[in-house]
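Chains A and C are the protein sequences, given in the same order. Every letter in the first sequence is one number past the one before it in UniProt numbering, and letter 17, counting from 1, is 17. Every letter in the second sequence is one number past the one before it in UniProt numbering, and letter 239, counting from 1, is 239. We put the beta carbon where it would ideally sit given N, CA and C, even for glycine. Structure first, commentary second.
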Amino acid sequence: MTSMLGVERDLNLRETELCLGLPGGGTTTVAEPETAKTTGKRGFSETVDLKLNLQSKEDLNDNVKNIASKDKNNLLSCTKDPSKPPAKAQVVGWPPVRSYRKNIMSQKNTSEEKTEKASGGGGGSAAFVKVCMDGAPYLRKVDLKMYKSYQELSNALSKMFSSFTTGYYGTQGMIDFMNESKLMDLLNSSEYVPTYEDKDGDWMLVGDVPWGMFVDSCKRLRIMKGSEAIGLAPKAMEKCKGRS
Amino acid sequence: MPKRANSFPEEVLEYVFSFIQTDQDRSSISTVCKSWYEIERWCRRRIFIGNCYAVSPRMLIRRFPDVRSIELKGKPHFADFNLVPEGWGGYVYPWIAAMASAYPWLEEIKLKRMVVTDETLELIAKSFKNMKLLVLSSCEGFSTDGLAAIAANCRNLRELDLHESDVEDLSGHWLSHFPDTYTSLVSLNIACLGSELSFSALERLVARCPNLRSLRLNRSVPLDRLANLLRLAPRLTDLGTGAYSAEWRPDVFAILSRAISGCKELKSLSGFWDVVPSYLPAIYSICPGLTSLNLSYATIQSPALVKLVSQCPNLQRLWVLDYIEDVGLDALAESCKDLRELRVFPSDPFVVEPNVSLTEQGLISVSEGCPKLHSVLYFCRQMSNDALITIARNQPNFTCFRLCIIEPKIPDYLTLQPFDVGFGAIVENCKNLRRLSVSGLLTDQAFDYIGTYGKKLEMLSIAFAGDSDLGLHHILSGCDNLRKLEIRDCPFGDKALLANAAKLETMRSLWMSSCSVSYGACKLLGQRLPRLNVEVIDERGHPESRPENSPVEKLYIYRSVAGPRFDMPGFVWTMDEDSALRVT
Chain A
1 MTSMLGVERD LNLRETELCL GLPGGGTTTV AEPETAKTTG KRGFSETVDL
51 KLNLQSKEDL NDNVKNIASK DKNNLLSCTK DPSKPPAKAQ VVGWPPVRSY
101 RKNIMSQKNT SEEKTEKASG GGGGSAAFVK VCMDGAPYLR KVDLKMYKSY
151 QELSNALSKM FSSFTTGYYG TQGMIDFMNE SKLMDLLNSS EYVPTYEDKD
201 GDWMLVGDVP WGMFVDSCKR LRIMKGSEAI GLAPKAMEKC KGRS
Chain C
1 MPKRANSFPE EVLEYVFSFI QTDQDRSSIS TVCKSWYEIE RWCRRRIFIG
51 NCYAVSPRML IRRFPDVRSI ELKGKPHFAD FNLVPEGWGG YVYPWIAAMA
101 SAYPWLEEIK LKRMVVTDET LELIAKSFKN MKLLVLSSCE GFSTDGLAAI
151 AANCRNLREL DLHESDVEDL SGHWLSHFPD TYTSLVSLNI ACLGSELSFS
201 ALERLVARCP NLRSLRLNRS VPLDRLANLL RLAPRLTDLG TGAYSAEWRP
251 DVFAILSRAI SGCKELKSLS GFWDVVPSYL PAIYSICPGL TSLNLSYATI
301 QSPALVKLVS QCPNLQRLWV LDYIEDVGLD ALAESCKDLR ELRVFPSDPF
351 VVEPNVSLTE QGLISVSEGC PKLHSVLYFC RQMSNDALIT IARNQPNFTC
401 FRLCIIEPKI PDYLTLQPFD VGFGAIVENC KNLRRLSVSG LLTDQAFDYI
451 GTYGKKLEML SIAFAGDSDL GLHHILSGCD NLRKLEIRDC PFGDKALLAN
501 AAKLETMRSL WMSSCSVSYG ACKLLGQRLP RLNVEVIDER GHPESRPENS
551 PVEKLYIYRS VAGPRFDMPG FVWTMDEDSA LRVT
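Here is the structure:
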C-alpha cells in the first residue's frame with residue numbers, strides 16, 4: 001500500500017496556503033489509527049488493509065463481514081469475529097436499493113413467489129420504522145428485520161442513542177410482566193425504555209409480545225424515560241394477562 | 001454612427017428569447033450585455049434549481065420577477081439510501097411562502113427530495129390559482145390531509161404526481177375533495193400511497209376527466225376494479241395498475257383483457273404488485289405498442305417474463321427484477337431492438353448467495369443485441385473485467401452506466417483481480433458517458449482511468465473503493481465536467497480535497513460519508529472558500545469535542561451564493577469563519 005509520503009509525491013502538492021498545517025506538526029497523516037480507536041471510527045490504515053471492521057455509528061450490526069469464499073481469499077483478508085454468528089452483516093444503505101422499494105417487496109404476496117432460501121435471517125424483506133428518543137436531536141430509521149430478538153434490537157438502539165443503555169429482557173426475550181415489582185422499578189427510574197406504536201395506534205412497551213408479532217405490528221419506536229412510560233405499563237400488563 | 005448594444009426594440013428581443021429554452025442558453029444570453037440581462041430576466045418563465053441551498057428565495061425573486069414554473073431539489077442523492085439523517089433539511093416551505101406573494105401566476109411546481117408539509121400544500125392550494133402541475137418526487141413530511149387541500153382548491157390542476165414520496169396515509173378520502181366541477185385532470189400518480197382509496201370517488205373522478213392520459217394507481221386498487229377504470233379512460237397512454245392479483249376466473253380475465261385492449265393508445269405500463277401470472281396475458285393485446293414497461297415490483301419468474309417481453313418489439317424502457325435472469329435478458333436482446341434504458345433490480349439484496357441465475361452474461365447480451373441501449377442500472381453478484389471490456393466494446397454509446405455488484409469489494413470472479421481495467425474500458429470507450437456508478441474491488445488505478453477518460457462525466461458514485469487520496473485526486477483533477485460526486489466508505493481524506501479545493505466551486509455538490517476527511521480540513525475548506533458551504537454532519541456531537549484530525553462522519557460540500565443556511569438541525573455544522581456575520 002502506498003505510504004502517505006508516496007502519496008505526497010504523486011500528488012505533486014502545490015505549496016499553496018491550503019496545505020493542511022496541523023497544530024504541533026507538519027503535514028502528517030491525518031487519520032491516525034490511535035485516533036480512530038478513540039473515536040471508534042475505523043482508521044485510514046485499517047481501511048487500506050481491507051479489514052471490513054466497520055465501526056461507524058450507523059452500523060446497526062457490529063459484524064465483520066465475511067466476504068471470503070473458498071475461491072477468493074488471496075486478495076482479501078477475511079476476519080471473522082468469533083463472537084458473532086455467521087449471518088451476513090448489513091451495512092446501512094447497501095446495496096443501494098431504496099427503502100421504499102424494499103418495503104414494497106416485503107409486503108409481497110407469498111402465493112406465487114419463489115421459495116426463499118434459508119439464508120439465515122429473513123433476507124430480502126425489510127421493515128423500516130422511525131425511531132426517536134426524547135431529548136435527542138435526531139430521528140433514525142431502523143429495519144426491524146435485521147434483528148432476531150429484542151436483545152439485538154436493544155443493542156442496536158443503544159449504539160445509536162448513547163443515553164440509552166441496553167434492555168432488560170428476560171430469558172424468553174420478552175418483558176417479564178409477571179414480575180411486577182421489577183417492571184415497576186424500571187419504570188420509576190430515570191432509565192430510558194423503548195416504546196412503540198402498534199397497528200392499532202396504541203403506544204406499548206417494547207417487549208410485550210413475541211418478537212415476530214412485534215416486527216409485524218410495530219409502526220414506530222420512541223425511547224422515553226421510564227417515568228414517562230409508566231402510563232403504558234398497565235395497558236401492557238392487561239394485554240399480556242389477557243393473552244395468557 | 002456609434003454601434004448600439006440594443007438595435008432591436010425590447011419586444012423583438014423578448015420574442016427571439018422565447019425560442020431559447022434551456023437554462024444554459026438562457027444563462028448565456030443573459031451575460032451578453034446589461035440590456036440583454038434585463039430583458040432576459042423579465043421574460044424567464046422556467047427556473048431549475050438543482051440545490052435549494054445554492055440560492056435563496058429572495059435572490060430568485062429579485063432577479064426573476066415573473067416565473068411560472070419552478071423545479072427545486074433538496075437532499076443529496078444518498079438520502080435515498082438512508083445515509084442522510086432525518087431532519088437534515090430540504091424544507092420547501094420558505095420557498096413557497098416567498099413565491100406565494102411574488103409569483104401569484106405560478107403554474108408548475110416540481111420538487112425532488114424535499115420536505116413538504118401539509119401546511120406547505122395548503123399554502124400552495126391557497127396561493128396559486130393557476131396551479132397546473134404539482135410533482136412531488138421522493139418527498140416526505142406531508143399527509144393525505146395536505147393532498148385534500150390541493151384537491152379541493154386547485155381548479156386548474158392538470159397533473160398531480162407523488163412519485164415515490166413518503167406520504168402519511170391518514171385516509172383514502174382525500175380524493176373525494178376534488179369537486180364535481182373539476183374535470184381538468186390529465187395525469188395522476190398515486191402509486192406510492194399505502195392505504196385504500198375511495199374507489200367510487202376514483203371512478204367518478206376518472207369518468208368526468210376526459211383528458212386523462214396517465215393514471216398510476218396504488219396497490220390497494222384490486223384487479224377487478226381495473227377494468228371499470230379503463231373503460232372510463234380508454235385514451236390512457238400511461239397506466240400503473242394496482243395489485244395485479246385475483247383468484248383465477250375466466251370471466252374476470254375476459255373482462256380485463258377486453259378493457260385493456262380498448263386502450264389502444266397505451267404506451268407505458270407499471271404497477272403489477274402481487275402478480276398472478278395467469279392474468280398477465282390480459283395485456284398481450286397492447287404489448288406491441290408498449291414503449292415503457294416497469295415490472296420492478298412484479299415477482300414473476302423468467303419464463304413468464306420472456307413470454308411478455310418477446311411481444312414488445314417497440315420497448316424502449318424496461319425496469320425489471322433479477323428474476324428475469326440471463327435467459328430472459330437474452331430474449332430481451334433478441335426481441336427488443338429499440339431498447340434504450342434497462343434497470344435490473346435485486347429481488348433479494350441481502351443474501352450473499354445468488355437466488356437467481358443472473359450474471360454478467362445478461363448484461364453482455366443486451367449490450368450486444370440492443371444497439372440503442374444507452375442507460376443501464378444493473379445489480380448482480382458476479383462480474384469480470386472481460387465482461388466489462390466486452391460490454392464497453394459492444395456499446396460505446398452509454399450515457400449512464402450504473403453497475404452494482406452486490407457484495408462490496410469483491411474482485412473479478414475469474415481472475416480475482418480488481419475491476420480497474422474493466423471500468424477503465426467503460427470510460428475509455430463510452431465517450432459520452434455522463435453518469436457512472438462503480439462497485440466491486442477497485443484500486444486507485446480505476447480512478448486514474450476515470451479521471452483520464454471520463455471527460456464528459458457529470459455524476460459519479462463510489463462506494464467501498466480505492467486505496468488512498470490519490471484515487472480522489474485523479475477524479476477531482478481529471479473529470480472536467482464533474483457536477484456531482486458522492487462517495488461512501490472510501491479511504492479518501494484531506495490531501496486530495498485540499499489540493500483540489502478550487503474544483504469544488506465548479507461542482508454542484510460533493511458528498512463523503514465514512515471516509516477519512518478530518519474536521520481540521522473541513523474547517524480549512526470552509527474558511528478559505530466562501531462560496532462553498534462545507535457541512536459537517538456528525539451524530540456523535542460537536543466536532544470540537546474530538547481532536548482536529550479526527551475524521552468526520554459525513555461531509556456535504558456544495559457551492560452556494562446564499563451563504564450558510566440557518567435551518568440546520570443540531571447535528572449539522574457549517575464550517576465558516578464568520579457565519580454569524582454573514583448576510584443572506
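The C-beta distance from Leu-226 (chain C) to Leu-185 (chain C) rounds to 18 angstroms, too long to meet the 8 angstroms contact threshold. Using beta-carbon distances, Tyr-147 (chain A) does not count as an interface residue toward chain C, since no partner is under 9 angstroms.
In the DSSP assignment, Lys-112 (chain C) falls within the unbroken beta strand (DSSP E) covering 108 to 112. Counting the other Cβ atoms within 10 Å of the Cβ of Thr-299 (chain C) gives 16 or more, which makes it buried.
Non-local beta-carbon contacts of Phe-17 (chain C) in its own chain, meaning distances under 8 angstroms to residues more than five positions away in sequence, involve Arg-26, Ile-29, Ile-39, Glu-40 and Cys-43 in chain order.
With three or more CB-CB distances shorter than 8 angstroms, the stretch 334 to 351 of chain C counts as touching the stretch 374 to 382 of chain C. By the C-beta criterion, the stretch 549 to 565 of chain C is judged to be in contact with the stretch 520 to 539 of chain C, since at least 3 inter-stretch pairs fall below 8 angstroms. Taking 9 angstroms as the threshold, the shortest C-beta distance from Asn-82 (chain C) to chain A falls below it. In this structure, DSSP gives Glu-247 (chain C) a state outside helix and strand, which the three-state scheme calls coil.
In the structure shown, Gly-207 (chain A) adopts coil according to DSSP, grouped into three states. Against Glu-86 (chain C), the close residues of chain A are Lys-130, Cys-132, Tyr-138, Leu-139, Arg-140 and Lys-141, in the order they occur along the chain (beta-carbon pairs closer than 9 angstroms).
For a Cβ distance threshold of 9 angstroms, nothing in chain A lies close to Cys-522 (chain C): the least Cβ distance comes to about 11 angstroms. At a beta-carbon threshold of 8 angstroms, the residues of chain C lying near Gly-93 (chain A) are Phe-78, Phe-81, Asn-82, Leu-83 and Arg-488, ordered along the chain. Excluding its 5 nearest sequence neighbours in each direction, Leu-232 (chain C) has C-beta neighbours in its own chain below 6 angstroms: Val-206 and Ala-207, listed in chain order. Per DSSP, reduced to three states, the secondary structure at Gly-466 (chain C) is coil, with no helix or strand assignment. Closest in alpha carbon position to Ser-245 (chain C), among C:Leu-215, C:Lys-264, C:Asn-211 and C:Pro-281, is C:Pro-281.
Cβ-Cβ distances below 7 angstroms link Leu-373 (chain C) to Leu-339, Arg-340, Leu-342, Val-366, Ser-367 and Gln-395 in the same chain, with the five nearest sequence neighbours on each side left out; the list follows chain order.
For secondary structure counted as the alpha helix (DSSP H) over 4 or more consecutive residues, the stretch 345 to 385 of chain C holds these complete runs in sequence order: 360 to 369. Scanning its chain for C-beta atoms nearer than 7 angstroms, with the 5 sequence neighbours on each side dropped, one finds around Glu-505 (chain C) the residues Leu-529, Arg-531, Leu-532 and Arg-559, in chain order.
Contact check between the stretch 162 to 176 of chain C and the stretch 195 to 206 of chain C: three or more CB pairs, one atom from each, fall below 8 angstroms, which counts as touching. Residues of chain A whose Cβ lies closer than 7 angstroms to the Cβ of Glu-164 (chain C) are, in chain order, Tyr-100. Within its own chain, the residues whose Cβ lies closer than 7 angstroms to the Cβ of Ala-98 (chain C), once the five positions on either side in sequence are excluded, are Pro-57, Arg-58 and Ile-61, listed in chain order. Under the three-state reduction of DSSP, Arg-317 (chain C) is assigned to strand. Taking 9 angstroms as the CB threshold, Pro-222 (chain C) stays off the interface with chain A. Contact with chain A is found for Pro-349 (chain C), since one of that chain's Cβ atoms lies less than 9 angstroms from the residue's Cβ. With respect to chain A, the C-beta atom of Ala-387 (chain C) has no partner C-beta closer than 9 angstroms.
By DSSP's assignment, Arg-46 (chain C) forms a beta bridge with C:Ser-69. Considering only C:Gln-445, C:Gly-454 and C:Ile-364, the residue with the shortest C-alpha distance to Thr-399 (chain C) is C:Gly-454. Legend: CB atoms of the stretch 355 to 388 of chain C lying less than 9 angstroms from CB atoms of chain A belong to residues Asn-355, Val-356 and Phe-379. Taken in chain order, the unbroken stretches of beta strand (DSSP E) that lie wholly in the stretch 386 to 417 of chain C and span 3 residues or more are 400 to 405. Close to Pro-210 (chain A), with beta-carbon spacing below 7 angstroms, lies no residue of chain C; the smallest spacing is near 23 angstroms. Separation of the CB atoms of Lys-145 (chain A) and Val-215 (chain A) is rounded to 7 angstroms, and the pair is thereby assigned contact status at 8 angstroms.
With a cutoff of 9 angstroms on beta-carbon distance, Glu-548 (chain C) and Gly-520 (chain C) are scored as near each other. Residue-level contact by beta carbon fails for Pro-194 (chain A) and chain C, as no gap is shorter than 9 angstroms. Under a criterion of Cβ atoms nearer than 7 angstroms, no residue of chain C is adjacent to Val-215 (chain A); the nearest Cβ is some 15 angstroms distant. In terms of beta-carbon proximity, Pro-179 (chain C) stays away from the interface with chain A, with every pair separated by 9 angstroms or more.
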